[in-house]
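One structure below.
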Amino acid sequence: MNFTVLVTGGTGYIGSWVVKNLLERGYNVRLTTRNKNNLSKIQFLVNYAESSKGKLEIWEADLLKMGSFDEVVMECDYVIHMASPFQTKIKNVQKELIEPALIGTSNVLRAVNLSTSVKKVVMTSSVAAVFGDNIDMKNLNLSEFDENQFNTTSSIKHQPYAYSKLLAEKEAWKIYESQQRWQLITINPSFVMGPPLSKYADSGSIILMKEFLKGSYCFGVPNLEFGFVDVRDIAKVHIQAMEDINAKGRYIISERVASLLNFAKIIQIEFKNKYQLPKKEAPKLLLYLFAPIFNLTRQFVEKNVGYSIKINSQKVINDFNLQLTPLEKTLKDMIIEMEELKML
């Protein structure tokens, strides 16, 4: 296969699975990193490339440096834009979250506009760009969330990560609508779980699993519901969206909605008493009063704890004939792999 694909964020938790799958399918993959002199953390991808049908090129590029992607995009057939800031401890939301998400997206798509070869861009967004708080479903009088909704409740002060995802996706659609040469697809996954390909994988998913398994929530977990989906399914969908000429618009992906307590129960069934898992839910009032201690805001507790959600993934299932991996298998495979990689 002679098609060339640029993958931004290809060294990350989800991105590495996308790169691996592309290499196995015989694509020429261009991977960007901010520092070509420090490749130790992506050696595993180099190893995959050596034993695959595809070819891996490593380029230096910086999301925040305008023009940084102009050269690497040239002669690419597709761009999968996955790079986006995710940090757990942020001091300056505007500088560390909002600007990188917006500037990074506009920088990559500016380069796409300058090229003449790119046919399609597949961008990783999030359900966070669909809704900000679980209470939104009730307040908007919805029976479920689907691709028609855009987050209207997040801001730079409340749910800033969700706000950054919303702004980045809207910027992408704005740039796309200003031209007629290339297509844009956005993938909007829920909480992504599943096995990492490298011990260096760093994401909210890895952090949550580590916290769960080391007993950080043994006192009780919030009555919080999330959509969950397997990282391998997300990677597969990015490539199917890229290859399928009929794919269009946004694609929400969630295998199911589960509470954090149900999440713990699934792990308990498989691993018995190996880990100190939560067995009860913490009272909302207690969480509200002590929210800062749990690294939460009182506004987050108020608008999310105790509210049920439903997420409709029928579009992605129908369009790509997709069978989503059951959450039970996702969590089992994730923990086993994290054990083998000595991440726990």
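Numbered according to our numbering, the sequence shown spans residues 17 to 360.
Just so you know, even glycine gets a beta-carbon here, dropped at the ideal spot from N, CA and C.
Computed from a predicted model, the values in this text were never measured in an experiment.
Here E40 is actually not in contact with K71; their C-beta atoms are around 12 Å apart, not less than 8 Å. Between the alpha carbons of L38 and F207 lies a distance of about 23 Å.
In the structure shown, E355 falls within a helical segment according to DSSP collapsed to helix, strand and coil. In terms of Cβ geometry, I203 and A263 do not form a close pair [threshold 8 Å].
In the DSSP assignment, I58 falls outside any beta strand (DSSP E) and carries neither an H nor an E. In the DSSP assignment, T121 falls within the unbroken alpha helix (DSSP H) covering 115 to 130.
Annotated three-state conformation of T346 is helix, per DSSP. Less than 8 Å separates the beta-carbon of D93 from that of S133. I268: member of the beta strand (DSSP E) spanning 265 to 269, first to last residue.
Across the structure, N320 and H174 are spaced so that their CA atoms are roughly 12 Å apart.
Taking all protein chains in view, the Cβ of N167 is crowded by 16 or more other Cβ atoms within 10 Å, so the residue is classified as buried. Boundaries for P308: no beta strand (DSSP E) harbours it, and the DSSP string shows neither H nor E there. In the three-state scheme derived from DSSP, where H, G and I count as helix and E and B as strand, G31 is classed as helix. Annotated three-state conformation of W189 is helix, per DSSP. Membership of I223 in the alpha helix (DSSP H) is indicated by the continuous run 220 to 229. Residue D149 holds the alpha-carbon nearest to the alpha-carbon of E241 among D149, Q315, P308. Using a Cβ distance threshold of 8 Å, V137 and W198 count as a contacting pair. By alpha-carbon distance to K215, the top candidate from I351, N51, V45, E73 is I351.
Beta-bridge partners assigned by DSSP to D335: none are found. By the 16-neighbour rule on beta-carbons within 10 angstroms, E185 is buried. Between the alpha carbons of G28 and V317 lies a distance of about 29 Å. Following the DSSP letters along the chain, one finds N278 in no beta strand (DSSP E) but inside the alpha helix (DSSP H) bounded by residues 276 to 287. The alpha-carbon of V109 is positioned some 15 Å away from that of L80. The residue among I325, N63, K288, G31 with its C-alpha nearest the C-alpha of V273 is I325. Contact holds between the region 294 to 304 and the region 232 to 246, because three or more Cβ pairs, one in each stretch, are under 8 Å apart. Spanning the alpha carbons of S194 and P116 requires a straight line of approximately 22 Å. Beta-carbon to beta-carbon, V128 and V95 are separated by about 6 Å, close enough to satisfy the 8 Å threshold. In the DSSP assignment, H97 falls within the unbroken beta strand (DSSP E) covering 94 to 97. Straight-line measurement puts the Cα of L277 at about 13 Å from the Cα of Q292. The residue among Y43, S32, G26 with its C-alpha nearest the C-alpha of E259 is Y43. For V35, the closest C-alpha among the options K290, V253, V245 is that of V253.
In this model, I58 and S159 are separated by some 43 Å (Cα to Cα).
Going by DSSP, N204 is part of the beta strand (DSSP E) stretching over 199 to 205. Comparing alpha-carbon positions, the option among S67, I191, S180, S141 lying closest to S122 turns out to be I191. In the DSSP assignment, V253 falls within the unbroken alpha helix (DSSP H) covering 247 to 259.
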